[in-house]
Amino acid sequence: MPEVDAKAFRRTCGMFTTGVTVITTSINGQVHGMTANSFTSVSLDPPLILVCVDLRSKMAQLLSSSKAFTVNVLGRHQEEVSRHFAGSSGDWRGTFMPFGESVRLDDCLAALLCEVYGQFPAGDHVIVLGLVKDLYQQDEGIPLVFWRGTYTSLVGDPSVRTCLGRII
Ligand SMILES: Cc1cc2nc3c(=O)[nH]c(=O)nc-3n(C[C@H](O)[C@H](O)[C@H](O)COP(=O)(O)OP(=O)(O)OC[C@H]3O[C@@H](n4cnc5c(N)ncnc54)[C@H](O)[C@@H]3O)c2cc1C
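Residue numbers for the sequence shown follow our numbering, beginning at 712 and rising by one.
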């Protein structure tokens, strides 16, 4: 078997379109957020989700001692929020809203409050399983989309107009 080149692996995985989330957690009143697109739902019964977190990140350290975290699903208008919580220069002037034992971003499209259910080392990342304890969802909104390393949106592509009609 040929060895997979790391850059080619990244590029190829980047062809898979995702939404964008910010993971938030609060420990002793100190809130931390991190942009993540590795979020996926795992199980309906019990309701489980997962997110893969880089072992070098501050979030990985915090989640090892935190009991709860939130997956905040970003809307199309929140590209700067994503940049900010990814450590880039993006602007964020929002606030954190109380959400059970965690917090959520005030302007997110949707949020899932999770109890840490399990953590599984996976190479240079840790897979964090969350048991979903509460949900928040805006009535309407369009998601922020990440594809091939860039932010994009469902809007503007004529082929998804029907789909958009339903989302809006
Ligand atoms: C689209 C996208 C998807 C990504 N997906 C993943 C993924 O699935 N898994 C993964 O491990 N990495 C992912 N990353 C990379 C990850 O977001 C960055 O490496 C991030 O910098 C790691 O955060 P950190 O926990 O180390 O904290 P830091 O880099 O220290 O913090 C991240 C940023 O959030 C800000 N911030 C944190 N807390 C607060 C607060 N309370 N108030 C205001 N600002 C705050 C910080 O100022 C900093 O700018 C992704 C990046 C992008 C752009």
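We treat Cβ as the ideally placed atom computed from N, Cα and C, and that holds for glycine. Every value quoted in this text rests on a predicted model; they were computed, and no experiment measured them.
By how many angstroms is the C-alpha of residue j removed from the C-alpha of residue i?
i	j	result
Leu785	Pro854	6 Å
Gly860	Gly725	6 Å
Gln849	Ala822	9 Å
Arg872	Phe857	Residue placement at Arg872 cannot be trusted, given a pLDDT of 47 that sits under 50; what the coordinates show is reported in the next sentence. Using only the alpha carbons, I get a separation of about 18 Å.
Please indicate yes or no: does the CB of residue i lie closer than 7 Å to some heavy atom of ligand 1?
i	result
Thr806	no
Cys724	no
Phe831	no
Phe796	yes
Ala719	no
Arg744	A small fix is needed here, since residue 744 is Gly in this sequence, not Arg. For ligand 1, at least one heavy atom lies less than 7 Å from the Cβ of Gly744.
Ser864	no
Asp818	no
Does the contact criterion of 3 or more C-beta pairs under 8 Å hold for the stretch 749-759 versus the stretch 789-807?
Judged by Cβ distances under 8 Å, the stretch 749-759 makes no contact with the stretch 789-807, as fewer than three pairs qualify.
Are three or more beta carbon pairs between the stretch 765-772 and the stretch 803-819 nearer than 8 Å?
Contact between the stretch 765-772 and the stretch 803-819 is absent, because fewer than three Cβ pairs lie under 8 Å.
Alpha helix (DSSP H) runs contained entirely in the stretch 775-843, provided each spans 4 or more residues:
Listed in chain order, they are 790-796.
If we require 3 or more residues per run, which beta strand (DSSP E) segments fall completely within the stretch 724-758?
The qualifying runs are 732-738, 741-747, 751-754.
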